[in-house]
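Asker: Numbering of the sequence shown is given in the working numbering, commencing with residue 1 and proceeding in unit increments.
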Amino acid sequence: MGKKEKAAIKIVLDTNILISSLLFKGELAGVVDLWKKGKIIPIFSRDTFDEFKTVLEYPKFSLTAQEMKVIIEEEVLPFFEVIEVTDKIKGACRDADDDKFIACAVSASADFIVTGDKDLLDMGKYKSVKILSASEFLRMFKSE
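Listed below in structure tokens is the structure:
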């Protein structure tokens, strides 16, 4: 029998992890490699995508409108699944602003939220969604 193909893992990336993986070299660039190879399916909701676009425009990143367009249209959207949030979640996290990542993950039946946010990491899990740091998440793929 042939080797059974593993289903791609669905993940929600918090905004800082997503921005860092796209704009900076280093360990986090491995996240981009995983989605380009089809090993993971990153998920956006309207709220998480809007936050991503807002942060991408921050002056500290010095990106032109054209550079932002290329990142969104070539590096992100072809690989991301965009979902409608069906599970409204309020008060799950100490920082209410992080609830949108939990709502996105639960609505998408994601396997993981990958984050550097202490409030989310302290939760460890929400329902069936595991919450990991980027280094913990990337370690899962080291043996492949």
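C-beta: ideal position from N, C-alpha, C; glycine also.
1. Skipping 5 residues on each side, what residues in its chain have a beta carbon closer than 8 Å to that of residue 96?
2. Based on DSSP bridge pairs, tell me the residues matched to residue 130.
3. Report the start-end ranges of each beta strand (DSSP E) in the stretch 56-115 that is 3 residues or longer and not cut off at the edges.
4. Give me the residue from 131, 87 and 13 with the minimum Cα distance to residue 35.
5. Where residue 40 and residue 68 are concerned, what is the direct C-alpha to C-alpha distance, given to the nearest angstrom?
6. Assign residue 101 to one of two classes, buried (16 or more other C-beta atoms within 10 Å of its C-beta) or exposed (fewer than that).
7. Taking the DSSP output, what are the residues bridged to residue 13?
8. Please confirm whether residue 133 and residue 121 have their CB atoms less than 8 Å apart.
9. Going along the chain, which residues of its own chain have a beta-carbon closer than 8 Å to the beta-carbon of residue 75, five neighbours each way excluded?
10. Does DSSP put residue 137 in a helix, in a strand, or in coil?
11. When the distance is taken between beta carbons, is residue 44 closer than 8 Å to residue 80?
12. Are the beta-carbon atoms of residue 11 and residue 28 separated by less than 8 Å?
Answerer: With the given structure in hand:
1. Closer than 8 Å at the Cβ level, and outside the excluded window around residue 96, lie 90.
2. 112 and 125
3. 112-114
4. 13
5. 23 Å
6. buried
7. 114
8. For residue 133 and residue 121, yes; Cβs fall inside 8 Å.
9. Cβ within range, chain order: 22 and 32.
10. helix
11. yes
12. no
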